[in-house]
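First the structure, in the form of structure tokens, and then the observations on it.
Number of protein chains: 2
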Amino acid sequence: MSKQKNNNSIAELGEFGLIDFLVKDFKTVQRSTIKAVGDDAAVIDGGSDYVLVTTDMLVEGIHFDLIYTPMKHLGYKSVVVNLSDIYAMNGNPQQITVSLAVSAKFGIKALEELYEGIRLACEAYNVDLVGGDTTTSLTGLCLSITALGRVSKDKICNRSGAKLNDLICVSGNLGASYLGLQLLEREKQIFLSDNTIQPEISRHPYCIQRFLKPEARRDIVESLANASVLPTAMIDISDGLSSDILHICKQSQVSCVIYEDKLPVDAEAFALAQEFGIDVSIAALNGGEDYELLFTVDQKHYEQVLGMAGVSVIGYISEGKQGGMLKARNGVEVPLEAQGWNHMRDS
Amino acid sequence: MSKQKNNNSIAELGEFGLIDFLVKDFKTVQRSTIKAVGDDAAVIDGGSDYVLVTTDMLVEGIHFDLIYTPMKHLGYKSVVVNLSDIYAMNGNPQQITVSLAVSAKFGIKALEELYEGIRLACEAYNVDLVGGDTTTSLTGLCLSITALGRVSKDKICNRSGAKLNDLICVSGNLGASYLGLQLLEREKQIFLSDNTIQPEISRHPYCIQRFLKPEARRDIVESLANASVLPTAMIDISDGLSSDILHICKQSQVSCVIYEDKLPVDAEAFALAQEFGIDVSIAALNGGEDYELLFTVDQKHYEQVLGMAGVSVIGYISEGKQGGMLKARNGVEVPLEAQGWNHMRDS
């Protein structure tokens with residue numbers, strides 16, 4: 005290891021840089037390993053098809069706040085975010101394992117509610133719980149879920165297949181989950197300062213639900229299959245549209261143009277953004293936790309995706325390598341950044 | 005849920021009771037799910053063979069103490085304990101995912117050492133790291149590893165296949181890991197009371213190694229295959245021989261007889277047990293973390309297993325359901341218990 009690398013801090017590297025750094029000396033030797041680290045899921049040869057494997061770790065105080073997160077919702081969401089990664093490979097999730105570490109503050113009733121949420125998600129998506137590990141922790145709750153799925157070898161969608169002039173499409177709408185979180189955080193602070201004040205969250209049920217109980221877009225994967233449209237690249241939006249389209253650009257060695265006025269935003273999210281004084285496009289671009297599918301398709305499919313319920317065409321793949329551009333409503337072009345383009349806009 | 009169940013505490017249920025309770029309402033719906041919760045690994049149909057999936061979560065302060073556990077050893081051991089579960093199904097591990105949550109107290113150097121240990125284990129066992137998740141935690145380190153393996157459909161070993169009169173066999177020796185842990189704990193306490201005293205662990209390298217850097221018994225799986233001996237049941241010893249043979253008995257609906265004088269114990273472990281005033285048989289029966297393979301074979305294989313390096317025949321499967329008996333050196337018969345038979349012996 006060079007001295008240069010010794011000086012890197014975890015914060016400087018960031019999550020993706022850290023993973024790249026830690027796994028740089030790993031080699032794969034098994035013939036069954038088709039794709040290791042670097043996509044929504046690992047790809048393993050399953051004979052007639054591929055086996056997909058993805059895993060997420062959720063830590064109390066980092067990924068969820070039990071002050072406003074019911075255990076049942078936590079269980080449901082923890083499963084859904086993993087299934088979303090399988091759908092993002094154009095796959096069909098089939099099994100999960102659930103590991104958790106819990107401190108003494110959690111009673112059996114709380115764990116039962118957590119598993120009730122996990123069970124409801126399994127039922128909703130026809131997924132089987134096949135294993136896991138249950139242990140104690142000194143503080144808090146840590147959940148680790150692994151999902152397994154299958155995909156036909158000729159139907160898999162990686163992040164690396166986007167081609168020049170492909171259309172960029174996104175399912176559903178963006179930013180509502182982030183705004184729901186902002187609302188929950190605001191009401192939490194009010195409640196903590198005066199616990200006689202009841203949280204006022206009933207006016208924004210959609211944004212709250214998008215954050216607390218997201219769904220994975222199985223329906224979009226099915227719509228694409230029914231329309232015989234095979235995306236050239238696909239990813240699910242967990243870190244935010246900007247960050248995730250840049251993953252596709254980087255791995256496909258292309259650039260992109262996104263139109264601000266094409267970003268799909270729900271009316272309730274728009275109103276809530278106004279209430280907070282937040283630019284709703286910033287929430288849509290960088291909010292994250294949308295769990296929508298972001299994919300690219302060949303232009304020949306333009307009419308098919310245009311007619312597809314719940315799908316918006318928001319831009320196209322352009323020449324260049326690894327960058328991206330936002331065409332703002334006011335006509336200004338600003339580079340897309342993984343974290344926030346707002347300071348660019350202000351300048 | 006009945007009121008009776010509402011009153012259960014996590015401590016009363018224990019780990020296995022808790023898992024049974026939490027998953028009681030889960031059903032499996034995928035045809036590819038061959039076996040869900042309840043063995044060393046889940047079994048998924050992989051077309052021409054089975055895919056095995058197992059996962060373990062390791063929490064700082066519960067499963068490891070960083071005062072005496074080097075990060076590199078922790079990484080190595082975390083992988084090995086999962087591979088051991090795959091071998092216990094008579095399988096061949098091929099891939100792992102590694103998720104970790106780390107607090108700010110860990111620098112990049114510590115994480116690099118952790119991954120160096122993970123990499124060394126991957127290399128030693130020809131296993132590929134294919135994915136994972138890296139995140140922060142508020143306190144301490146939490147590691148969750150999932151291992152995937154393969155096994156021929158006609159070669160899989162479950163816990164449920166032990167038959168009357170089968171021989172009970174164990175690989176290697178037992179109790180050394182537990183004694184190594186006792187030594188590390190003693191030296192830690194001495195060091196904490198007076199940090200000018202250096203730990204005295206050099207006289208017991210084998211026991212220390214058995215605890216800090218265990219190996220999984222791939223060699224035994226290979227020896228069995230080379231001798232064309234297919235165990236009727238198999239499990240790896242993580243919780244202790246008593247606890248783990250009772251898992252086989254329960255799932256096979258049989259009982260067993262174990263001979264105390266047949267328990268394989270290393271000379272260094274024997275000496276260390278004497279130093280601690282611990283009955284070495286108790287360490288062998290209940291110590292745990294041996295990661296040896298415990299298996300049953302038909303009596304027709306007696307000569308083959310007797311001639312197999314690193315395998316001891318320690319008893320046989322008897323009539324009855326779910327119980328077990330230890331024939332002590334003094335001729336007394338005592339029931340095997342999942343946690344400690346010593347108080348029975350004293351009575």
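Going down the list, the protein sequences come from chains H and V.
Letter 7 of the first sequence, counting from 1, is numbered 11 in our numbering, and no numbers are missing.
Letter 180 of the second sequence, counting from 1, is numbered 184 in our numbering, and no numbers are missing.
Backbone N, C-alpha and C define an ideal beta-carbon position, used for all residues, glycine too.
ASN96 of chain H: not part of any alpha helix (DSSP H); member of the beta strand (DSSP E) spanning 96 to 106, first to last residue. With a minimum length of 4 residues, the unbroken runs of alpha helix (DSSP H) contained wholly in the region 251 to 303 of chain V fall at 271 to 280 and 284 to 290.
Put simply, the CB of ASP137 of chain V is near chain H, with a gap under 7 Å to one of its CB atoms. Contact of ILE23 of chain V with chain H is assigned, a C-beta pair being separated by under 7 Å. Selection V:VAL174, V:ILE90 and V:PHE30 evaluated against VAL309 of chain V yields V:VAL174 as nearest (Cα-Cα). Closer than 7 Å to the CB of VAL155 of chain H there is not a single CB belonging to chain V. When Cβ-Cβ separations below 7 Å define contact, CYS211 of chain V makes no contact with chain H. For GLY50 of chain V, the closest Cβ of chain H is nearer than 7 Å. ASP137 of chain H has H:SER103 as its beta-bridge partners, per DSSP.
Along the length of the region 132 to 178 of chain V, whole beta strand (DSSP E) runs at least 3 residues long occupy 132 to 140, 145 to 156 and 171 to 175, reported in chain order. Between the region 162 to 171 of chain H and the region 180 to 195 of chain H there are fewer than three inter-stretch CB-CB distances shorter than 8 Å, so the stretches are not counted as touching.
LEU234 of chain V carries a coil assignment under DSSP once its states are collapsed to helix, strand and coil. Annotated as proximal: LEU26 of chain H and TYR119 of chain V, with beta-carbon spacing under 7 Å. In chain order, ALA166, LYS167, LEU168, ASN169, ASP170, ILE172, VAL258, CYS260 and THR300 place their CB closer than 7 Å to the CB of ILE321 of chain H, counting only its own chain and leaving out the 5 sequence neighbours on each side. Residues of the region 56 to 74 of chain V whose Cβ lies closer than 9 Å to any Cβ of chain H, in chain order: VAL57, THR58, THR59, ASP60, MET61, LEU62, VAL63, GLU64, GLY65, ILE66 and HIS67. For TYR295 of chain H, no chain V residue has a C-beta closer than 8 Å to its own C-beta; the minimum C-beta separation is roughly 16 Å. Taking a Cβ-Cβ cut-off of 8 Å, the neighbours of VAL41 of chain V in chain H comprise LEU133, VAL134, GLY135 and GLY136, given in sequence order. When secondary structure is reduced to three states using DSSP, PHE215 of chain H falls in the helix class. Under the Cβ criterion of 7 Å, SER107 of chain H is not counted among the residues facing chain V.
ASP60 of chain H carries a strand assignment under DSSP once its states are collapsed to helix, strand and coil.
From the beta-carbon of ARG333 of chain H, no residue of chain V is found nearer than 9 Å; the closest lies around 35 Å away. Around the C-beta of PRO235 of chain H, 16 or more other C-beta atoms lie within 10 Å, and the residue is accordingly described as buried. Contact of SER206 of chain V with chain H by beta-carbon distance below 8 Å is absent, the smallest such distance being about 29 Å. LEU330 of chain V sits in a strand when the DSSP states are folded into three classes. Annotation for VAL317 of chain V: the continuous beta strand (DSSP E) segment containing it runs 315 to 322. THR101 of chain V has a beta carbon lying within less than 7 Å of a beta carbon in chain H. By the rule that beta-carbons nearer than 7 Å mark a contact, ARG123 of chain H touches chain V. In the DSSP assignment, PHE25 of chain V is bridged to no other residue.
Boundaries cannot be given for ASP69 of chain V, as no alpha helix (DSSP H) includes it and DSSP labels it neither H nor E. For ILE38 of chain H, the enclosing beta strand (DSSP E) stretches over residues 37 to 39. Remark: C-beta atoms of VAL106 of chain V and LEU145 of chain V approach each other more closely than 7 Å.
For ASP49 of chain V, the enclosing beta strand (DSSP E) stretches over residues 46 to 49.
Under the 8 Å Cβ criterion, the region 218 to 229 of chain H counts as touching the region 80 to 88 of chain H, having at least three qualifying pairs. The beta carbon of LEU78 of chain H sits no closer than 7 Å to any beta carbon of chain V. Within its own chain, the residues whose Cβ lies closer than 7 Å to the Cβ of PRO203 of chain V, once the five positions on either side in sequence are excluded, are GLU191 and PHE195, listed in chain order.
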